[in-house]
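Colleague: Here you go, one structure.
Set out below in structure tokens:
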């Protein structure tokens, strides 16, 4: 892997390399550290202690100005009007066909100022195009913001040591403004793991190493380690990844995001008409949880086909991990709605063999 | 590097791995094979023989429908009205502030049908936003197209063996429709090297290995090898890379692309007003060629600052390679216009030392 300047450096990169990162992914044209020992032992540590994650690749798209709320309402079918200053909302962004462009967490910084904390697609360009085409009075840009995540059951203890007991009072998906390591940050109770914790939105990339070192030093008594989004954790907890589990060809009904949209919201929204049609007819495909029989599999690089009982191709596997605690291959798959009921017995072609697979509930229970 | 399904596979990936690729980059969320032996020996081979490059990451944005030409004219300051069917045009895409969004090669497939063969930024989303906002009657999508490049001085011989002597008649930046390996391809005389050759636009990813194997077999008598865009070649020949040498913060005047824009073009164009202002005032910065003194340097990952004779920071190095044939470090740098005249003596801080650097002409001559 050659890291040219085109693939932008994270302000935490030097520390991540010092910590011996074993595997990166690339995300929004930046490195995303994923593995430090191996996925299983990284995960066990995450479930028991606290980790620092370089998630600077979660870029922010800042929307500010008189038409900011109007623009945000236009691009997401979620009702944002009730979002308070200091609140985060998970919100799929959808185009005029109902296709998912991204699934950011939206932070409301002021009445007329939002950050879209994005997954891996260039929301900035899409929004710029809409703003130009509609002539909205709003500024859209990527600010100098680089999130650092503090995740795991000891995250509250660590954060309290750094900023005081008020850390414990931050509610889920709420944020405060605070100074850490001599620099102003936005501190939210959020993060892309099932183990709880915080995301720290650094607003000056030159302070990245100071911020990392502050948490690293304070974390020594909590057995802190470097970590990253963990594939076992995300499969067990049902965290979907944009680009793998949903794409521009998916819609919120197919992807199980019905509870995050409001088709009757008052504000103008570009995807509502298309989504009402999907609601009426029902989605053709659905993103489901599959347990795949047999020995541990690696996450697929190619398209592993899913077949129904008649041997007809009904979909593809989108993500997979072996869960040591559940002793099973957990997968997400996009399949035809006719094959998507829980308990349906299917098969998966892994390129090496064909295995039985059963549709499970989103919490991995059958019933 | 973990290659999940989010980072899409090229249809040529299996062959590239068999050929022992040593280094990839990531480009438009796909792998881009860069190095097979080392940059210097790959380059020497490229200059003397013929290479097959997996450039499937050059994604196409297809624009088709009644408003196709109107849309393409809107997003580029180049005059596209004269572009013939079967012709390619290099055209910077610019936003309403004159900032460069991408610098694709545009292929005109029909009166009302274009491909934008893009560099590394998500043009599809930007164009989708504009089309929605303006209500244009046009379809914009990413077709199943995966370019394969045949580059080097023996490319004509190889292509003639595959499709006959008509290969030699294809003019520079022109294309024909032809069947190779049992599948319809678009065949253009183009490619991202200074050594000449072709780009083969595969239109069915399932035929990727057949296409590769056809050229591989026919190329044996020409000492064919796998290759990729070569950093020495591109520095020597002045090929700029979007994302490194120009960004959304650059404009065509700063980036030396004046000859590819027409501020008096007749069609509506979103960047013309902003670019007329830049033309009038002159660009504040300029992308220049720098020769950096001393022993061979690697391409920078961090921001290497360029200073003027007074020790003031005047810009940054954007790309660099050691040229064995010229026995010099060749660099591109974006610097203040006041320091950009040829012959200006500057210095570069490489993180390890400070070196003398001199501004050269775009062909690396001083005068």
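Protein chains in written order, with the working numbering: chain A, 1 to 367; chain B, 1 to 367.
Ideal Cβ placement from N, Cα and C applies to all residues, glycine included.
All figures in this text were calculated on a predicted structure; none of them were measured in a lab.
Roughly how far, in whole angstroms, is the beta-carbon of residue 309 (chain A) from the beta-carbon of residue 359 (chain A), given that I think they are within contact range, below 8 Å?
Modeller: Here residue 309 (chain A) refers to the residue found at position 309 of the first chain. Here residue 359 (chain A) refers to the residue found at position 359 of the first chain. That pair is no contact at about 12 Å.
Colleague: With a threshold of 8 Å between beta carbons, is residue 206 (chain A) in contact with chain B?
Modeller: Within the first chain, residue 206 (chain A) is the residue found at index 206, counting from 1. No - not a single Cβ of chain B is within 8 Å of the one on residue 206 (chain A).
Colleague: For residue 5 (chain B) and chain A, any beta-carbon pair shorter than 8 Å?
Modeller: As a position in the second chain, residue 5 (chain B) is number 5, starting the count at 1. True, the Cβ-Cβ gap to chain A drops below 8 Å.
Colleague: Apart from the five residues just before and just after residue 297 (chain A), which ones in its own chain have a Cβ nearer than 7 Å to its Cβ?
Modeller: For the purposes of this step, residue 297 (chain A) is identified with residue 297 of the first chain, where counting begins at 1. Excluding positions up to five away in sequence, the list reads 320, 322, 329, 350.
Colleague: Residues in its own chain within less than 6 Å of residue 23 (chain B) by CB, not counting five upstream and five downstream?
Modeller: Along the second chain, one-based indexing puts residue 23 (chain B) at 23. Same-chain partners within the cutoff: 34, 35.
Colleague: Strictly by DSSP, which residues pair up with residue 183 (chain A)?
Modeller: Within the first chain, the letter at position 183 stands for residue 183 (chain A). BP columns for residue 183 (chain A) point to A:180.
Colleague: Do you know offhand how far residue 93 (chain B)'s Cα is from residue 121 (chain B)'s?
Modeller: One-based indexing of the second chain puts residue 93 (chain B) at position 93. One-based indexing of the second chain puts residue 121 (chain B) at position 121. Going by the C-alpha atoms only, they are around 11 Å apart.
Colleague: Rounded to a whole number of angstroms, what is the C-alpha to C-alpha distance between residue 171 (chain A) and residue 189 (chain A)?
Modeller: Within the first chain, the letter at position 171 stands for residue 171 (chain A). Within the first chain, the letter at position 189 stands for residue 189 (chain A). So the alpha carbons of these two residues sit roughly 6 Å apart.
Colleague: For residue 119 (chain B), which option in B:42, B:244, B:186 has the closest C-alpha, if you only look at C-alpha atoms?
Modeller: By one-based count along the second chain, residue 119 (chain B) stands at place 119. That would be B:244, whose Cα lies nearest to the Cα of residue 119 (chain B).
Colleague: Give a yes or no on whether the minimum CB-CB distance between residue 92 (chain B) and chain A is below 8 Å.
Modeller: In the second chain, the residue the question calls residue 92 (chain B) occupies position 92. Chain A contact via Cβ: absent.
Colleague: Looking at C-alpha atoms only, which residue of A:136, A:212, A:138 is the closest neighbour of residue 415 (chain A)?
Modeller: Nothing about residue 415 (chain A) can be reported from this structure: the residues present for chain A run from 1 to 367 only.
Colleague: Counting C-beta neighbours from all protein chains within 10 Å, is the total for residue 116 (chain A) 16 or more, i.e. buried, or is it exposed?
Modeller: Position 116 of the first chain, counted from the start, is the residue given in the question as residue 116 (chain A). Buried, since its Cβ has 16 or more Cβ neighbours within 10 Å.
Colleague: Which residues in the same chain as residue 339 (chain B) place their Cβ atom closer than 8 Å to its Cβ, once the five residues preceding and following it in sequence are excluded?
Modeller: Within the second chain, the letter at position 339 stands for residue 339 (chain B). The answer, listed in chain order, is 306, 308, 314, 315, 346, 359.
Colleague: Under three-state DSSP, which class holds residue 254 (chain A)?
Modeller: Translated into the one-based positions of the first chain, residue 254 (chain A) becomes position 254. Residue 254 (chain A) falls in the coil class under three-state DSSP.
Colleague: Alpha carbons only, please: which of A:348, A:353, A:355, A:343 is nearest the one belonging to residue 366 (chain A)?
Modeller: What you label residue 366 (chain A) is simply residue 366 of the first chain in a count that begins at 1. The candidate whose alpha carbon is nearest that of residue 366 (chain A) is A:343.
Colleague: Does the region 69-84 of chain A touch the region 199-218 of chain A, meaning 3 or more C-beta pairs lie closer than 8 Å?
Modeller: Contact fails: fewer than three Cβ-Cβ distances are below 8 Å.
Colleague: How should residue 268 (chain B) be labelled, buried or exposed, when 16 other C-beta atoms within 10 angstroms of its C-beta is the threshold for buried?
Modeller: Here the question's residue 268 (chain B) lines up with position 268 in the second chain. Residue 268 (chain B) should be labelled exposed.
Colleague: Classify residue 295 (chain A) as helix, strand or coil using the three-state DSSP reduction.
Modeller: By one-based count along the first chain, residue 295 (chain A) stands at place 295. Residue 295 (chain A): coil per DSSP, three-state reduction.
Colleague: Can you name, in chain order, every residue of its own chain whose Cβ lies under 7 Å from the Cβ of residue 274 (chain B), other than the five neighbours on each side?
Modeller: Within the second chain, numbered from 1, the residue matching residue 274 (chain B) stands at position 274. Excluding residues within five positions, the ones whose Cβ falls inside 7 Å are 96, 97, 98.
Colleague: Could you tell me which chain A residues have their CB closer than 7 Å to the CB of residue 26 (chain B), listed as they occur along the chain?
Modeller: Sequence index remark: in the second chain, residue 26 (chain B) carries index 26 (1-based). 7, 26, listed in chain order.
Colleague: Given this structure, state the Cα-to-Cα distance separating residue 292 (chain A) from residue 181 (chain B), to the nearest angstrom.
Modeller: Looking up residue 292 (chain A) in the first chain gives position 292. Looking up residue 181 (chain B) in the second chain gives position 181. Each residue's alpha carbon lies about 37 Å from the other.
Colleague: For residue 150 (chain B), which of helix, strand or coil comes out of DSSP?
Modeller: Translated into positions along the second chain, residue 150 (chain B) becomes position 150. DSSP places residue 150 (chain B) in strand when its eight states are reduced to three.
Colleague: For the region 310-327 of chain B, list every residue whose C-beta sits within 7 Å of some C-beta in chain C, in sequence order.
Modeller: Absent from the structure: chain C. Protein chains present are A and B.
Colleague: Leaving out five residues on either side along the sequence, give the residues of the same chain with a beta carbon under 6 Å from the beta carbon of residue 25 (chain A).
Modeller: Sequence index remark: in the first chain, residue 25 (chain A) carries index 25 (1-based). Excluding residues within five positions, the ones whose Cβ falls inside 6 Å are 32, 34.
Colleague: Taking 7 Å as the limit between beta carbons, can you name the residues of its chain near residue 257 (chain A), skipping five residues before and five after?
Modeller: Within the first chain, residue 257 (chain A) is the residue found at index 257, counting from 1. Answer for residue 257 (chain A): 92, listed in chain order.
Colleague: Please return the same chain residues whose Cβ sits closer than 7 Å to the Cβ of residue 191 (chain A), not counting the five positions on each side in sequence.
Modeller: Walking along the first chain from the start, residue 191 (chain A) turns up at place 191. Answer for residue 191 (chain A): 149, 151, 197, 198, 199, listed in chain order.
Colleague: What does the alpha-carbon distance come out to for the pair residue 126 (chain A) and residue 167 (chain B)?
Modeller: On the first chain, residue 126 (chain A) is found 126 positions in, with the first residue counted as 1. On the second chain, residue 167 (chain B) is found 167 positions in, with the first residue counted as 1. C-alpha separation (whole angstroms): 39 Å.
Colleague: Kindly indicate the opening and closing residues of the alpha helix (DSSP H) around residue 350 (chain B).
Modeller: Locating residue 350 (chain B) in the second chain gives position 350, where the first residue counts as 1. Premise fails: residue 350 (chain B) is in no alpha helix (DSSP H) and is neither H nor E.
Colleague: Would you list the one or two residues that DSSP bridges to residue 360 (chain B)?
Modeller: As a working note, residue 360 (chain B) is residue 360 in the second chain. DSSP lists B:289 as partners of residue 360 (chain B).
Colleague: What does residue 127 (chain A) reach in chain B if we use C-beta pairs closer than 7 Å?
Modeller: For the purposes of this step, residue 127 (chain A) is taken as residue 127 along the first chain, with counting starting at 1. Neighbours of residue 127 (chain A) on chain B, chain order: 129.
Colleague: Show which residues of chain B have a CB atom less than 7 Å away from the CB atom of residue 122 (chain A).
Modeller: Here residue 122 (chain A) is taken as the residue at index 122 of the first chain, counted from 1. Within 7 Å Cβ-Cβ: 121, 122, 125.
Colleague: Closer than 8 Å is the cut-off here; do at least three beta carbon pairs connect the region 75-92 of chain A with the region 220-236 of chain A?
Modeller: In short, these stretches do not touch, since the Cβ pair count stays below three.
Colleague: Residue 47 (chain B) lies in the beta strand (DSSP E); which residues open and close that run?
Modeller: Numbered from 1 along the second chain, position 47 holds the residue referred to as residue 47 (chain B). Looking at the DSSP string, residue 47 (chain B) is not in any beta strand (DSSP E); the run it does join, the alpha helix (DSSP H), is 39-48.
Colleague: Can you find the residues in the same chain that come closer than 7 Å, C-beta to C-beta, to residue 175 (chain A), ignoring five residues on each side of it along the sequence?
Modeller: Against the first chain, residue 175 (chain A) aligns to sequence position 175. 86, 88, 107, 186, 187, 188.
Colleague: I'd like the span of the alpha helix (DSSP H) that includes residue 214 (chain B), first residue to last.
Modeller: Position 214 of the second chain, counted from the first residue, corresponds to residue 214 (chain B). Where residue 214 (chain B) is concerned, the enclosing alpha helix (DSSP H) stretches over 208-218.
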